[in-house]
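In this note's numbering, each number is its position in the sequence shown, counted from 1, plus 1. All residues carry an ideal CB built from backbone N, CA and C; glycine is no exception.
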Amino acid sequence: RPSTGRFLDYVHDIDHSPVPSDPALDQALHALPGRKLVFTNGTVAHAEKVLGRIGVTHHFGDIFDIVSSDFIPKPGRDPYLKFIGQTGIAPKTSAMFEDIARNLEVPHDLGMTTVLVVSPDNKDAAHLNAGASGEHVHHVTGDLAAFLRILAAARS
């Protein structure tokens, strides 16, 4: 692999065993209609490992990673435009779920519904999201499975 690939393999060579399975999230995703995609600043391999640990890999049709975005990370505008172009999603009928508030600014500007997923266990994101509010954050949840269950029930 080129040196960039080796670097990405190195930084994502972490212990995934602390990531727990989440049967409630699996059920909530199953009940929610529509395509589900992953857009990550990480790699496909890392996302697959995390999704596998959680037990939700089968719900996601594609993973758009840092390589797909030509190594331009969120929150830059170009990766979102490339994501939309490659996946063919319609922003006005799509939602972006994200754990860092600033990464929701562009999706909001593009017409997506935005959801900030917060976790007291994620100290880095908690620091980044301190006081995070604004029109670009449409919804905030600390329980993604419960949020998705409510959303699915409202749509049925």
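Asked	Found
Opening and closing residue of the alpha helix (DSSP H) in which H109 lies	106-110
Candidates T88, G56, L82, of which the one nearest D63 by Cα	T88
Beta carbon of V116 nearer than 8 Å to that of A96	yes
According to DSSP, residues forming a beta bridge with L38	D63
Neighbourhood of F98 by C-beta, 6 Å cutoff - its chain only, sequence neighbours within 5 removed	V116, V118
Beta-carbon contacts of I73 that lie in its chain and below 6 Å, excluding the five residues immediately before and after	D79, P80
Bounding residues of the alpha helix (DSSP H) (the contiguous stretch that carries T88)	78-88
Extent of the continuous alpha helix (DSSP H) to which G49 belongs	Per the sequence shown, residue 49 should be read as Glu rather than Gly. Segment 45-55, the alpha helix (DSSP H) holding E49.
Simplified DSSP assignment, three categories, for F98	strand
Rounded separation between F40 and L111 - CA only	15 Å
I15 - DSSP class collapsed to helix/strand/coil	coil
H31 - DSSP class collapsed to helix/strand/coil	helix
Cβ pair P24, G56 closer than 8 Å	yes
Residues of its chain near P34, where Cβ-Cβ distance is below 8 Å and the 5 sequence neighbours each way are ignored	A153, R156
Contact under 8 Å by Cβ, L30 with H60	yes
Cβ shell of E49 (< 8 Å), same chain only, five flanking positions each side left out	T58, I64
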